[in-house]
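Data block below; observations after.
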Amino acid sequence: MRKPMNNIVFIVNEHAGNGLGKKVWRKWRETIDFPHTVYMTEREDHATEIAKKCAETMDDLLLVGVGGDGTIHEIILGIVGFEHVRVGIISAGSGNDFGRTFYVFHTLKDLKEVAHSSSHTKMDIGTVNTPNSEYKFVNNAGFGFDAKVVYLANYSVWKSRLNLFRLGKLAYILFLIKELLTFKTFSFTLHNKDEVTRYDDVWFFVICNQPFFGGGMKISPDSIPNDQLLEMTVVNKLSRWKLLFIFGTVFFGKHTKFKEVKQYQSSDFNMVIHDEVYGHVDGEFSCITEKDIAYSCSIEAHAWNLANR
87 MRKPMNNIVF
97 IVNEHAGNGL
107 GKKVWRKWRE
117 TIDFPHTVYM
127 TEREDHATEI
137 AKKCAETMDD
147 LLLVGVGGDG
157 TIHEIILGIV
167 GFEHVRVGII
177 SAGSGNDFGR
187 TFYVFHTLKD
197 LKEVAHSSSH
207 TKMDIGTVNT
217 PNSEYKFVNN
227 AGFGFDAKVV
237 YLANYSVWKS
247 RLNLFRLGKL
257 AYILFLIKEL
267 LTFKTFSFTL
277 HNKDEVTRYD
287 DVWFFVICNQ
297 PFFGGGMKIS
307 PDSIPNDQLL
317 EMTVVNKLSR
327 WKLLFIFGTV
337 FFGKHTKFKE
347 VKQYQSSDFN
357 MVIHDEVYGH
367 VDGEFSCITE
377 KDIAYSCSIE
387 AHAWNLANR
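In our numbering, the protein residues as written are 87 to 395.
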């Protein structure tokens with residue numbers, strides 16, 4: 087006998103992907119022919135609030151996020167620790183790095199098959215600890231050049247204006263070029279197991295739970311999101327124009343061949359960052375570091391359930 091459907095809740099961010107979320111959801115809602123509940127996000131962190139409330143009040147729950155990496159990030163934060171909840175994804179963002187690694191729904195048939203089953207894979211989640219806060223991430227967390235570009239683009243008036251013409255991505259390109267010319271490199275000391283290594287002239291470092299970041303760049307080719315390990319990539323001591331060239335190779339995972347790119351693997355990393363540097367988690371601004379203060383990053387194994395076939 088076929089298992090009855092789970093309780094199914096859609097959490098929809100219509101603004102994801104410069105309005106792509108609204109278009110994608112419009113197509114899906116016209117085909118859904120089973121009982122379900124829909125919530126529309128209205129503000130930052132709203133998806134986390136909705137997901138947590140649903141997890142606390144509903145059994146056998148399948149939460150389906152419709153949006154980009156930011157929306158999925160928020161949903162997962164809301165259900166960490168709730169063993170009876172599975173997360174399903176309908177990609178509708180601009181970057182969709184989550185959908186490049188994790189299972190996503192492409193058709194209603196895919197969703198129905200999962201909803202009638204209890205299939206899932208237990209996934210890890212990372213945590214960045216700063217002196218004042220804790221930030222969790224599904225994909226990656228980083229400090230430096232990439233984080234500053236994200237911050238400047240997301241909070242610029244130019245992105246808002248360009249979004250009116252569905253050209254929001256141009257804001258990132260504009261600020262990438264600006265920071266390529268003006269970014270001040272920094273220093274940090276990595277405490278990894280029994281090694282202590284100081285890095286100077288650093289452009290950025292990123293700690294990954296899965297391979298992709300920045301809309302398809304394969305920054306950490308060997309990362310697996312449920313192996314209880316994290317991978318760190320450090321980029322330092324290279325010219326501004328060589329950095330631009332290396333970015334071109336990242337989409338194919340070939341950047342690891344350059345001597346200026348170092349990679350480590352561990353269940354946790356401890357760093358002392360010696361300058362004020364911008365940070366991000368899952369592509370969203372997290373903090374500006376304090377000088378000569380210790381930061382740490384660790385992995386929490388099997389923290390959430392990914393719905394899959």
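Ideal placement from N, C-alpha and C gives every residue a C-beta, glycine not left out.
Which of helix, strand or coil does DSSP assign to residue i?
i      : result
Leu324 : coil
Asp354 : strand
His101 : coil
Phe298 : coil
Asn225 : coil
Phe231 : helix
Tyr241 : coil
Ile259 : helix
Under the assumption that residue i contacts residue j (Cβ atoms under 8 angstroms), give the Cβ distance between them as a whole number of angstroms.
i      : j      : result
Thr319 : Val347 : 7 angstroms
Ile158 : Val224 : 7 angstroms
Leu266 : Leu329 : 7 angstroms
Val150 : Ile162 : Actually they do not touch by this definition, with Cβ atoms about 13 angstroms apart.
His206 : Ala393 : 5 angstroms
Asp368 : Gly156 : 7 angstroms
If you draw a straight line from the C-alpha of residue i to the C-alpha of residue j, how long is it?
i      : j      : result
His101 : Ala178 : 9 angstroms
Gly105 : Met209 : 29 angstroms
Asp146 : Val321 : 44 angstroms
Phe231 : Gly107 : 28 angstroms
His388 : Gly167 : 9 angstroms
Phe261 : Thr335 : 20 angstroms
Thr134 : Ile211 : 15 angstroms
Phe331 : Thr117 : 45 angstroms
Asn215 : Ser384 : 8 angstroms
His378 : His360 : One point to set straight first is that residue 378 is Asp, not His, in the sequence displayed. Spanning the two alpha carbons is a distance of roughly 4 angstroms.
Ile310 : Tyr258 : 27 angstroms
Glu130 : Glu370 : 11 angstroms
Can you check which of these residues, the options, is closest to residue i by C-alpha distance?
i      : options                   : result
Cys140 : Gly156, Asp361 and Glu169 : Glu169
His202 : Phe261, Val190 and Asn93  : Asn93
Thr143 : Val292, Leu316 and Ile165 : Ile165
So is residue i in contact with chain C if we call contact Cβ pairs under 7 angstroms?
i      : result
Lys109 : Any reference to chain C falls outside this structure, which holds one protein chain only.
Of all the alpha helix (DSSP H) runs that stay within the bounds of the segment 128-166, which reach a length of 4 or more residues?
132-143 and 155-165
Going along the chain, which unbroken runs of the beta strand (DSSP E) with 3 or more residues stay wholly within the segment 165-199?
171-177
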